[in-house]
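Chemist: Supplied in structure tokens, the structure appears directly below.
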Amino acid sequence: MTRPSLNDLTAFMTVATRRSFRRAADELGTAPSTLSHAMRALEERMGVRLLNRTTRSVSPTEAGFELLNRLQPALATLDEALDSIAIFRGSVAGTVRINAPRLGASLLVRDVLPEMAERFPGVVVDLVAEGKLIDIVSAGFDAGVRLVDSVPKDMIAVPFAGAVSFICVASPAYLERFGEPATPDELERHRCIGHRVPNGKLYRWEFERAGQALTIEAAGSVILDDEELMVDAAIKGLGIAYVASLAAEAALAEGHLRQVLTAWTPAPEKIAIYYPGHRAVPPALRAFLDAVKALR
Numbered sequence: 069m070t071r072p073s074l075n076d077l078t079a080f081m082t083v084a085t086r087r088s089f090r091r092a093a094d095e096l097g098t099a100p101s102t103l104s105h106a107m108r109a110l111e112e113r114m115g116v117r118l119l120n121r122t123t124r125s126v127s128p129t130e131a132g133f134e135l136l137n138r139l140q141p142a143l144a145t146l147d148e149a150l151d152s153i154a155i156f157r158g159s160v161a162g163t164v165r166i167n168a169p170r171l172g173a174s175l176l177v178r179d180v181l182p183e184m185a186e187r188f189p190g191v192v193v194d195l196v197a198e199g200k201l202i203d204i205v206s207a208g209f210d211a212g213v214r215l216v217d218s219v220p221k222d223m224i225a226v227p228f229a230g231a232v233s234f235i236c237v238a239s240p241a242y243l244e245r246f247g248e249p250a251t252p253d254e255l256e257r258h259r260c261i262g263h264r265v266p267n268g269k270l271y272r273w274e275f276e277r278a279g280q281a282l283t284i285e286a287a288g289s290v291i292l293d294d295e296e297l298m299v300d301a302a303i304k305g306l307g308i309a310y311v312a313s314l315a316a317e318a319a320l321a322e323g324h325l326r327q328v329l330t331a332w333t334p335a336p337e338k339i340a341i342y343y344p345g346h347r348a349v350p351p352a353l354r355a356f357l358d359a360v361k362a363l364r
């Protein structure tokens with residue numbers, strides 16, 4: 069058997085983890101057809117099928133999974149070895165892949181990326197914004213963004229951006245028409261903008277006052293899965309929305325929204341960058357973490 073090249077193995081790992089020739093080709097900077105031909109040639113040289121292909125998807129075979137599971141730590145170790153000499157270049161370079169919810173991504177773009185551009189111009193930040201919680205290691209990310217309390221126990225969390233409060237907001241026109249609720253219980257008589265979280269469930273609104281915690285299953289005629297859309301819906305007078313303060317701060321400052329039930333706002337929650345604690349930190353990620361820490 070002809071020993072496959074490092075490029076072939078890297079290409080296989082990218083296809084196997086992305087489960088798509090198109091996405092893998094975009095990441096590797098080649099054409100999907102070229103990548104497909106390369107994988108068939110790799111299978112022929114190794115004498116075993118590594119990938120199951122359909123018209124819509126690609127997935128590893130049993131042999132492919134075995135190879136992938138052994139390649140990932142081996143190539144990670146190789147990357148760490150290459151990254152370890154970054155200090156001798158006099159400057160940090162490389163790519164750091166970050167997964168974040170949309171609001172977390174907004175914070176990074178607003179605060180962290182300018183710091184990165186100034187201090188570490190050789191580092192490329194590949195930022196993917198999505199709402200669902202994922203396993204960043206298996207998905208090929210260096211780090212992720214979550215509320216501190218929801219960071220997995222085997223990860224290291226680095227808090228940033230202060231803290232985020234979750235607040236109720238509504239448009240002045242809505243409050244003039246329907247009145248302002250004095251307590252969370254009065255939300256039953258109001259139109260509430262529902263929030264569907266990535267697992268498909270409706271988010272329950274949480275309140276707190278003088279040590280008393282209260283949870284409400286808010287109901288209404290509109291349900292959305294994006295906080296920016298929820299803010300837009302509230303501005304249009306469709307009801308009361310329960311959102312992160314960051315999402316609503318511009319609309320509040322411009323007078324398009326007003327905060328209600330202020331006395332019942334729960335304690336702020338901290339946001340953190342988190343990353344695996346069981347592996348060496350590559351220079352590009354270390355630079356990113358330094359930029360985050362500099363803003364605290």
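Each residue of the sequence shown is one higher than the last, beginning at 69 in the working numbering.
Glycine included, each C-beta is placed from N, C-alpha and C at the ideal position.
None of these values were measured; they are calculated from a predicted model.
State the DSSP-derived secondary structure class of R354, mapped to helix, strand or coil.
Modeler: Taking the sequence shown and counting its residues from 1, the one referred to as residue 354 is at position 286. R354: helix per DSSP, three-state reduction.
Chemist: What is the DSSP secondary structure of F228, counted as helix, strand or coil?
Modeler: By 1-based counting over the sequence shown, the position of residue 228 is 160. The answer is strand: DSSP assigns F228 an E or B state.
Chemist: Could you pull out every unbroken beta strand (DSSP E) segment of at least 3 residues lying fully inside the region 264 to 312, listed in chain order?
Modeler: The qualifying runs are 273 to 277, 280 to 284, 290 to 292 and 309 to 312.
Chemist: Per DSSP, N137 forms a beta bridge with which residues?
Modeler: Reading the sequence shown from its first residue, position 69 is the one you call residue 137. For N137, which the question treats as bridged, DSSP gives no partner whatsoever.
Chemist: Which stretch, first to last residue, makes up the beta strand (DSSP E) that contains S57?
Modeler: There is no way to answer for residue 57, as the model of the chain reaches only from 69 to 364.
Chemist: Leaving out the 5 sequence neighbours to the left and right, which residues in its chain are closer than 8 Å to I155 when beta-carbon positions are compared?
Modeler: Position 87 of the sequence shown, counted from the start, is the residue given in the question as residue 155. For I155, the predicted structure reports a pLDDT of 49, less than 50, and the residue's modelled location is therefore unreliable. A value from the coordinates is still provided. For I155, where only same-chain residues beyond five positions count, the Cβ hits under 8 Å are P351.
Chemist: Tell me the rounded alpha-carbon separation between E244 and L306.
Modeler: Looking up residue 244 in the sequence shown gives position 176. Looking up residue 306 in the sequence shown gives position 238. Looking at the two C-alpha atoms, the distance is approximately 13 Å.
Chemist: Taking just the CA atoms, how far does C260 sit from I303?
Modeler: One-based indexing of the sequence shown puts residue 303 at position 235. One-based indexing of the sequence shown puts residue 260 at position 192. Those two C-alpha atoms are separated by around 13 Å.
Chemist: What is the rounded straight-line gap between the Cα of R272 and the Cα of P100?
Modeler: Stepping through the sequence shown from its first residue, residue 272 is reached at position 204. Stepping through the sequence shown from its first residue, residue 100 is reached at position 32. R272 and P100: Cα-Cα distance of roughly 43 Å.
Chemist: Taking the straight line between their C-alpha atoms, what separation do you get for E285 and K221?
Modeler: Reading the sequence shown from its first residue, position 217 is the one you call residue 285. Reading the sequence shown from its first residue, position 153 is the one you call residue 221. Their Cα atoms are separated by approximately 29 Å.
Chemist: Pull up the distance between the alpha-carbon of S218 and that of V177, whole angstroms please.
Modeler: For this step, residue 218 is matched to residue 150 along the sequence shown. For this step, residue 177 is matched to residue 109 along the sequence shown. Going from the Cα of S218 to the Cα of V177 covers about 22 Å.
Chemist: Excluding the 5 residues flanking V196 on each side, which residues of the same chain have their C-beta closer than 6 Å to its C-beta?
Modeler: By one-based count along the sequence shown, residue 196 stands at place 128. So the list reads N167, once near-sequence residues are dropped.
Chemist: Around the C-beta of F133, are 16 or more other C-beta atoms found within 10 angstroms, so that it is buried, or is it exposed?
Modeler: In the sequence shown, counting from the first residue as 1, residue 133 sits at position 65. Classification for F133: exposed.
Chemist: What does the Cβ neighbour count give for H258, buried or exposed, with the cut at 16 atoms within 10 Å?
Modeler: As a position in the sequence shown, residue 258 is number 190, starting the count at 1. Buried, by the Cβ-count rule.
Chemist: Please return the same chain residues whose Cβ sits closer than 7 Å to the Cβ of A183, not counting the five positions on each side in sequence.
Modeler: Numbered from 1 along the sequence shown, position 115 holds the residue referred to as residue 183. Ala is not the amino acid found at residue 183; the sequence shown has Glu there. Correct list, in chain order: A359, A362 and L363.
Chemist: At the level of alpha carbons, what is the spacing between G288 and A316?
Modeler: Taking the first residue of the sequence shown as 1, we reach residue 288 at position 220. Taking the first residue of the sequence shown as 1, we reach residue 316 at position 248. Approximately 20 Å, taken between the alpha carbons.
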